[in-house]
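Colleague:
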Amino acid sequence: MNVVPSQNLPSTSIADGEEAIRFILETAREAGATSADALYVSGTEEAVGVRKGEIEKVQAAQSRGIGIRVFAGTRQSSVATHDLSPDHLRTLVARAVAMAQHTADDPYAGLPDRILPPAMDPSKLFPEETHLPSRDELLERALATEKAALSFDARITNSEGAECSRAHSHIVFGNSLGFLHGYRKSSYALSCSVIATSEDQMERDYWYVTGPLWEKTADTEAVGRKAASRTVSRLGARRIKTGTYPVIFDPETARSLIGHFAGAVSGSALYRNATYLKGREGTPVMNAGMTLREDPFISGAPGSRPFDGEGLPTRKKTLVDKGVLQTFLFDTYSARKLGRQSTANAVRSLGDGPGVGISNLIVDPGTSTLEELMKKAGKGLLVTELIGFGVSTVTGDYSRGAFGYWFEDGAILHPVSEITLAGTLDEIYKNIVDRGSDLEIRSSISSPSLLVEGLRIAGE
Amino acid sequence: MPDIVRFFEDRVERSTESLQSALAHVALPSTVDDADLYFEHTVREHYSVEDGMVKKAGQDVSQGVGARIVSGERTGFAFTEEFSPRQIAQALESARRIAQGPGTGRSLAISRPGRPERDLYPVTDLAFDRPVPEKIGILETIDRLCRQESSKVVQVMASLAFEDKTIQIVRSDGQVVVDRIPLTRLNVSVIAQDGANRQTGSFGWGGRTAFSGIISPDRLAHACREAVRQALVNLSAHACPSGTMDVVLGPGWPGILLHEAIGHGLEGDFNRKGTSAFSGRIGQRVASPLCTIVDDGTLPGRRGSLNVDDEGTPTQRTVLIENGILRGYLQDRQNARLMGTRSTGNGRRESYAHPVMPRMTNTVMLPGESDPAEVLASLDRGIYAVNFGGGQVDITSGKFVFSMSEAYYVEKGKILHPIKGATLIGNGPDVLTKVRMVGTDMSLDTGVGTCGKDGQSVPVGVGLPTIRVDGLTVGGTT
Chain A
1 MNVVPSQNLP STSIADGEEA IRFILETARE AGATSADALY VSGTEEAVGV
51 RKGEIEKVQA AQSRGIGIRV FAGTRQSSVA THDLSPDHLR TLVARAVAMA
101 QHTADDPYAG LPDRILPPAM DPSKLFPEET HLPSRDELLE RALATEKAAL
151 SFDARITNSE GAECSRAHSH IVFGNSLGFL HGYRKSSYAL SCSVIATSED
201 QMERDYWYVT GPLWEKTADT EAVGRKAASR TVSRLGARRI KTGTYPVIFD
251 PETARSLIGH FAGAVSGSAL YRNATYLKGR EGTPVMNAGM TLREDPFISG
301 APGSRPFDGE GLPTRKKTLV DKGVLQTFLF DTYSARKLGR QSTANAVRSL
351 GDGPGVGISN LIVDPGTSTL EELMKKAGKG LLVTELIGFG VSTVTGDYSR
401 GAFGYWFEDG AILHPVSEIT LAGTLDEIYK NIVDRGSDLE IRSSISSPSL
451 LVEGLRIAGE
Chain B
1001 MPDIVRFFED RVERSTESLQ SALAHVALPS TVDDADLYFE HTVREHYSVE
1051 DGMVKKAGQD VSQGVGARIV SGERTGFAFT EEFSPRQIAQ ALESARRIAQ
1101 GPGTGRSLAI SRPGRPERDL YPVTDLAFDR PVPEKIGILE TIDRLCRQES
1151 SKVVQVMASL AFEDKTIQIV RSDGQVVVDR IPLTRLNVSV IAQDGANRQT
1201 GSFGWGGRTA FSGIISPDRL AHACREAVRQ ALVNLSAHAC PSGTMDVVLG
1251 PGWPGILLHE AIGHGLEGDF NRKGTSAFSG RIGQRVASPL CTIVDDGTLP
1301 GRRGSLNVDD EGTPTQRTVL IENGILRGYL QDRQNARLMG TRSTGNGRRE
1351 SYAHPVMPRM TNTVMLPGES DPAEVLASLD RGIYAVNFGG GQVDITSGKF
1401 VFSMSEAYYV EKGKILHPIK GATLIGNGPD VLTKVRMVGT DMSLDTGVGT
1451 CGKDGQSVPV GVGLPTIRVD GLTVGGTT
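Same order as they appear, the protein sequences are chains A and B. Using our numbering, the first residue of the first sequence is number 1, and each one after it goes up by one. Using our numbering, the first residue of the second sequence is number 1001, and each one after it goes up by one.
#1: What residue range is occupied by the uninterrupted beta strand (DSSP E) comprising residue 1467 (chain B)?
#2: When you compare the CB of residue 57 (chain A) with every CB in chain B, is at least one pair closer than 8 angstroms?
#3: Kindly list the residues whose CB is nearer than 7 angstroms to the CB of residue 271 (chain A), restricted to its own chain and excluding five residues on each side of it in sequence; keep chain order.
#4: Do the stretch 64 to 72 of chain A and the stretch 158 to 166 of chain A touch if we need at least three Cβ pairs shorter than 8 angstroms?
#5: Whose C-beta lies closer than 6 angstroms to the C-beta of residue 1143 (chain B) among residues of the same chain, with five residues either side of it excluded?
#6: How should residue 62 (chain A) be labelled, buried or exposed, when 16 other C-beta atoms within 10 angstroms of its C-beta is the threshold for buried?
#7: Short check: CB of residue 1205 (chain B) to CB of residue 1461 (chain B), under 8 angstroms?
#8: If you drop the 5 nearest sequence neighbours on each side, which residues of the same chain put their C-beta closer than 8 angstroms to that of residue 317 (chain A)?
#9: Tell me the DSSP secondary structure of residue 1217 (chain B) in three-state form.
#10: For residue 1394 (chain B), which residues from the same chain have a beta carbon less than 6 angstroms from its beta carbon, with the 5 sequence-adjacent residues on both sides left out?
#11: Short check: CB of residue 154 (chain A) to CB of residue 192 (chain A), under 8 angstroms?
#12: Check whether the stretch 79 to 98 of chain A and the stretch 169 to 186 of chain A are in contact - that is, three or more C-beta pairs closer than 8 angstroms.
#13: Using a beta-carbon distance below 8 angstroms, is residue 1459 (chain B) in contact with chain A?
#14: Tell me whether residue 1025 (chain B) sits in a helix, a strand or coil according to DSSP, three-state version.
#15: Which first and last residues belong to the beta strand (DSSP E) in which residue 1164 (chain B) is found?
#16: With a threshold of 8 angstroms between beta carbons, is residue 92 (chain A) in contact with chain B?
#17: Would you please verify whether the beta carbon of residue 328 (chain A) is less than 8 angstroms from any beta carbon of chain B?
#18: Which residue's Cα is closest to the Cα of residue 1184 (chain B): B:1203, B:1172, B:1215 and B:1170?
#19: Report yes if the C-beta distance between residue 429 (chain A) and residue 285 (chain A) is below 8 angstroms; otherwise report no.
#20: Apart from the five residues on each side of it in sequence, which residues of its chain come closer than 6 angstroms, Cβ to Cβ, to residue 1189 (chain B)?
#21: Can you give me the start and stop residues for the alpha helix (DSSP H) that residue 333 (chain A) sits inside?
#22: What is the residue span of the beta strand (DSSP E) that residue 57 (chain A) lies within?
#23: Counting only C-beta atoms, is residue 19 (chain A) closer than 8 angstroms to chain B at any point?
#24: Counting only runs that start and end within the stretch 1416 to 1466 of chain B, where is the beta strand (DSSP E) found for 3 or more residues in a row?
#25: For the alpha helix (DSSP H) that contains residue 1087 (chain B), what are its first and last residues?
#26: From what residue to what residue does the alpha helix (DSSP H) around residue 374 (chain A) run?
#27: Using three-state DSSP, classify residue 1240 (chain B) as helix, strand or coil.
#28: For the stretch 375 to 394 of chain A, list every residue whose C-beta sits within 9 angstroms of some C-beta in chain B, in sequence order.
#29: In this structure, how does DSSP classify residue 2 (chain A) when only helix, strand and coil are distinguished?
#30: Which runs of the alpha helix (DSSP H) at least 4 residues long sit entirely within the stretch 132 to 216 of chain A? Give them in chain order.
#31: When you compare the CB positions of residue 1242 (chain B) and residue 456 (chain A), do they come within less than 8 angstroms of one another, or not?
#32: Can you pull the chain B neighbours of residue 431 (chain A), defined as C-beta to C-beta under 7 angstroms?
#33: So, does the CB of residue 417 (chain A) fall closer than 8 angstroms to a CB anywhere in chain B?
#34: Residue 1001 (chain B) to residue 1079 (chain B), Cα distance in whole Å?
#35: What does a CB cutoff of less than 7 angstroms around residue 259 (chain A) pick up in its chain, not counting 5 residues either side in sequence?
#36: Given a cut-off of 8 angstroms, decide if residue 1287 (chain B) and residue 1321 (chain B) are closer than it, judged by their beta-carbon atoms.
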């Protein structure tokens, strides 16, 4: 059993997720819906923040909500609420059924054709927790982390603080075909952000760890020191001359670069004509060294799930094999619309019907250390932070603000700021000539460092 | 229309125990500077069209009570989604644990709420009361109008969203304020294709105004024309150059420059902690003398406007930069108290489930004296950027970006050709010192902005005249 705090909800609401979904599906049927599905999410969170050695904030949250989709034949509408009282739910479901009478008659809309059991025992998805930390324990780790950061270097002059948090959620999904299953997730995080000063320059950076167990946040010293060393290393940043250079994306920025691919490979984007990858299945879309896998079963990973947002059993798949695009990702709707099969990539949030998304996406690592990547590149930029929104998966155009380090012959020479990186996603992915060995799964998208040849950098 | 003064009373009084007696059990220690309860009930309705069909329609109901205790630099925060006196008192008790010391007997008192003295957004004509087919019809019209504009349009994605938010703020100083806050948003986004070249264009409207004001036939037609025009312009766009260049920004939404370059850096929390590139710089020159910039939450019907902020403080017009000199920060109650000043009515929160922070409302550069045509004509070689996507800033180093979505290459004051979207990067504390000309044509954006900070989104506005900024870094590909 997982250790999960009790919900302690008053009796006026339906406290149990499965019971709430059964009630809603029955209410929808009575209100005239031909089919329906519902997602229930409940969660508790606790966070403690410290700054300059003092407690700064405590936050506690208990929340639960439900998202409902109803069909009148092949017309649909959706509603969501945090009020789980039966009277309110009846009113809202009736409202949804009434709205659905007016939306377009869309022959592809509807639940999946049939229900299947979850791909794995949901209780095996997240590791068993043996300890649920108290608020004081969260506080202790936040304090220790910030202390390690502040004492790391005399140039660390200020702090945005450290935070330690835990979150537990319970997800239940059901539909009128008879699917009704749930799973629980846990997440712990420890983060720290400090400020370094020299002459007239001030720089900030941070570090964090996250994982499904309290143990994941145990090494407070490491998090604090890494936050501080990242920050101090930014001092003395200057611009570089505009030009075309090799660029190494570190694992954090590589994750962001690969994230755009996850958007472009969506079946929804495909039927909307909204992806530069249209018509590219079975052709090279990345460098031949690149293999991308989706794995929904990694124990405790943030995107792990036994079934997708429509209740279909999830499965592992290879998205890009040695550079060649194997498949787009589909939910039931985009699959039907394009004459394909769902790849069990429906994602669902309370406020909206299903869309297409990934569970955990992983770039196969290479064998090079960061130093070897830098040596191979010769002279270039190691990027550690990207800012802004200048990416379009429709056109594939890419232009973002960046921070990083100039390197030559395998060694970092100085930090670099106030520059941009630009190109097209297609060229960038094809120019990934090497990958690091530094893969670590910390997020739903994970990548090792990636070396990209010939990226345009705007600076002086 | 429900009586908003009694709105929450009716909901909480479903229970037998009164809220007042439940709260009386939560004694506040003498170290507490401020405490409040934030009651919220929000209904959102949304419709969207894609592929020629309005296949999505929906409604969300979100409600809860946020409890907050402030003691010096400390904040305790908890929320509940149950309007029950017991749950509300429990949330307050959980937040109270941040403050040290024994309770004094003082507790939060519920008195009869007052409405704000002015009403910047009278709720007269609610979208919720209109029949569903009328709202769906608007999106069908948009789809048709966009496709009529050009045969190159291969996709139209448009959405219509309405929000009706009722709040009540119960403060430890005895004040109780209620407000009802509407928000409407229309967005039109198209994809145009010419051979293998596929480009996007978009246009949006929004504000805290009546349904009929936002959704007039003229506005719909204008939105569709603009979205399609922008996509067609982008179909003929050349690659964007890279490097440091002089840039003329068009009026309106390009004011996102102000929001990123200086607005965030002037928020009270960062300055109280000394983590902003603008910390300790009041009275210093941070912009060219041509620049006067205000944050104004009192503009009637605007997306960023509020009668009172989320702490119950009336919003105001705050001068941030006057003729280039830094004059003031944006404050909520906690940061104002710690900095020995007054709240500027900028304490905002996304919802009951989020704590208050100092945030912008509508951030505007006042008009200057140059003819806008002369501003463009003055550009020897550079970029004329008339529309943007989003932006982001690192408030500590001051580096900020914003991304062009419609821009032109200019030589000797003449527009030569459109260029592809690209990111511009600059340094907040000195970018405005490089403003060479300010036009007379100040205009506010069309009501599309959403600002994100610490994971919280709030609606905001910007305003800008045509301005020329020298030496911005342009993130193109050639």
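For glycine and all other residues, C-beta sits at the position ideal for the given N, C-alpha and C.
Modeller: The structure says:
#1: Residues 1467 to 1475.
#2: Output row for residue 57 (chain A): interface = yes.
#3: Hits under 7 angstroms: 334, 337 and 338.
#4: No contact exists between the stretch 64 to 72 of chain A and the stretch 158 to 166 of chain A.
#5: Cβ within range, chain order: 1049, 1052 and 1156.
#6: By the neighbour-count rule (16 or more Cβ atoms within 10 Å), residue 62 (chain A) is buried.
#7: No, the pair does not count as a contact, with Cβ atoms beyond the cut-off.
#8: Shown here for residue 317 (chain A): same chain residues with a beta carbon closer than 8 angstroms to its own, the five before and five after excluded, namely 293, 294, 326, 327 and 343 in chain order.
#9: Helix at residue 1217 (chain B).
#10: Cβ-Cβ distances below 6 angstroms link residue 1394 (chain B) to nothing in the same chain once the five nearest sequence neighbours on each side are left out.
#11: Their beta carbons are not under 8 angstroms apart, which means residue 154 (chain A) does not touch residue 192 (chain A) by this criterion.
#12: The stretch 79 to 98 of chain A makes no contact with the stretch 169 to 186 of chain A, as fewer than three CB pairs between them are under 8 angstroms.
#13: Interface flag for residue 1459 (chain B) against chain A is unset, since no Cβ pair is found closer than 8 angstroms.
#14: Here residue 1025 (chain B) sits in coil by DSSP.
#15: Residues 1153 to 1171.
#16: For residue 92 (chain A), the answer is yes, since a Cβ of chain B falls inside 8 angstroms of its Cβ.
#17: Chain B, which has no Cβ nearer than 8 angstroms to the Cβ of residue 328 (chain A), makes this no.
#18: Checking every option, the nearest Cα to that of residue 1184 (chain B) belongs to B:1215.
#19: With respect to the 8 angstroms criterion, residue 429 (chain A) and residue 285 (chain A) are classified as neighbours on the basis of their beta carbons.
#20: The answer, listed in chain order, is 1157 and 1202.
#21: Secondary structure note for residue 333 (chain A): its alpha helix (DSSP H) is the uninterrupted segment 332 to 337.
#22: Residue 57 (chain A) -> beta strand (DSSP E) spans 54 to 72.
#23: Output row for residue 19 (chain A): interface = no.
#24: Counting whole runs of 3 or more residues, the stretch 1416 to 1466 of chain B contains the beta strand (DSSP E) stretches 1423 to 1427, 1435 to 1438, 1449 to 1453 and 1456 to 1464.
#25: Residue 1087 (chain B) -> alpha helix (DSSP H) spans 1085 to 1096.
#26: That run of the alpha helix (DSSP H) goes 370 to 377.
#27: Residue 1240 (chain B) falls in the coil class under three-state DSSP.
#28: Within the stretch 375 to 394 of chain A, the residues whose Cβ lies closer than 9 angstroms to any Cβ of chain B are, in chain order, 385, 387, 388, 389, 390, 391, 392 and 394.
#29: Reliability fails at residue 2 (chain A), whose pLDDT of 38 lies under 50, so the model's placement of it is uncertain and the value that follows must be treated cautiously. Judged by DSSP in its simplified three-state form, residue 2 (chain A) adopts coil rather than helix or strand.
#30: The qualifying runs are 135 to 150.
#31: Yes; because the gap between Cβ atoms is below 8 angstroms, this pair is in contact.
#32: Going along chain B, no residue has its Cβ under 7 angstroms from residue 431 (chain A), so there is no contact; the nearest lies around 13 angstroms.
#33: At least one CB of chain B lies nearer than 8 angstroms to the CB of residue 417 (chain A).
#34: The pLDDT assigned to residue 1001 (chain B) is 45, lower than 50, so where the model puts this residue is not dependable, and the model offers no usable value.
#35: Only 445 meet the Cβ criterion.
#36: With contacts defined by Cβ atoms closer than 8 angstroms, residue 1321 (chain B) and residue 1287 (chain B) form a contacting pair.
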